[in-house]
Amino acid sequence: MDDGLAYTVIGTSLVVAAFSGLMALLGRPPRLAHLVGLSLVELVMVVYAVLAMGKMFTGERPDAMATFVGYLLTAVLIPPLGALLGWAERTRWGSVIISATCLVVPIMVVRLQQVWGVWDG
Amino acid sequence: MAEPAGTGPGRVLVAVYGFFAIAAGARAGWQLATRFHEAPVAYLLSALAAAIYLVAAVALASRRPAARRVATACCTVELIGVLLVGTISVALPDTFPRATVWSGFGMGYAFVPLVLPVLGLLWLRHTRRPATDSTAASSGGRGHSSEESR
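As structure tokens, this is what we get:
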């Protein structure tokens, strides 16, 4: 998959993770800004997924497609789940959840890139 | 105050368990559907692990007393599973030709599968303590219940 897009997802996600982690340290519960951040992460992740699906349908396949699709599904589901759980917890721990969510997404993207065969694993 | 296991820091655990249920589940589901014959034991084990993670997540989030026992059971099974499968996968690599969540003590998942059940059990113990451990509460509770039963 396209390197630039992968870096975009990772970068966006890490920024939101840092912001949310900082809010957790300050004892702040999740606010609208957290959700906007997570939405951005989800947006770029969906773009990544759609392009990856498009490539797979046009013949360009990752080395291990089963694993790739599994990770792809997970990566797309994680930000909404993090938003739900984080928003339900109206304490600093809600911010921790959203921060953790945004740390999982980059890991998923790195794994996706490795499974596709573009990044060494 | 007796704190339900699924609030505060406990919800972070619920979230991580949820992620693992989805991650392991999505992977195992797809593998079972497309190439079950290649490594049935490994893929079934991954699916089982995913199911346990899901039950643990729901049980940790629930406020019902029975859920606490379910969560404790899940965490215990996980801990035994990751230790057992981890040891077997290191000692006898041929047993699991395909990696599972628990292979190499969860190495492929940054050892989170090994840490998670320990954190879960610690958290369950921590949240139980205020309800049962406090001398004031227990003596008060005992006196209260014996008075009522008479």
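Line by line, the protein sequences give chains A and B.
Residue numbers for the first sequence follow the numbering used here, so the first one is 1 and each next one is one higher.
Residue numbers for the second sequence follow the numbering used here, so the first one is 1001 and each next one is one higher.
Note that the Cβ used here is the ideal one computed from N, Cα and C, for glycine as well.
Going along the chain, which residues of its own chain have a beta-carbon closer than 7 Å to the beta-carbon of S99(A), five neighbours each way excluded?
A17, S20, G21, A24
Jot down the residue ranges of each uninterrupted alpha helix (DSSP H) in the region 16-73 of chain A, minimum 4 residues, whole runs only, in chain order.
32-57
Have a look at V96(A), M108(A), L14(A) and flag the residue whose alpha-carbon is nearest the alpha-carbon of P1009(B).
V96(A)
Please confirm if M108(A) has its CB atom under 9 Å from at least one CB of chain B.
yes
Shorter than 9 Å from the beta carbon of G86(A) to some beta carbon of chain B?
Interface residue, yes.
Can you check which of these residues, F1111(B), V1016(B), I1088(B), P1040(B), is closest to A1057(B) by C-alpha distance?
V1016(B)
State the CB to CB distance for the pair A1061(B) and C1074(B), rounded to an integer number of angstroms; the pair is presumed to be in contact (CB under 8 Å).
Not really, about 12 Å apart at Cβ, beyond 8 Å.
Flag this pair as yes or no: are the beta carbons of V1085(B) and L1045(B) separated by less than 9 Å?
Yes; because the gap between Cβ atoms is below 9 Å, this pair is in contact.
Test: I1088(B) CB closer than 9 Å to a CB of chain A
no
What residues in the region 1020-1040 of chain B bring their beta carbon closer than 7 Å to a beta carbon of chain A?
I1022, A1023, A1026, R1027, W1030, Q1031, T1034, R1035
Is the beta carbon of L40(A) less than 9 Å from the beta carbon of A83(A)?
no
Following a CB-centred definition, is C1075(B) positioned closer than 8 Å to any heavy atom of the ligand FAD?
Among the ligands in the structure shown, none appear at all, so the ligand FAD cannot be discussed.
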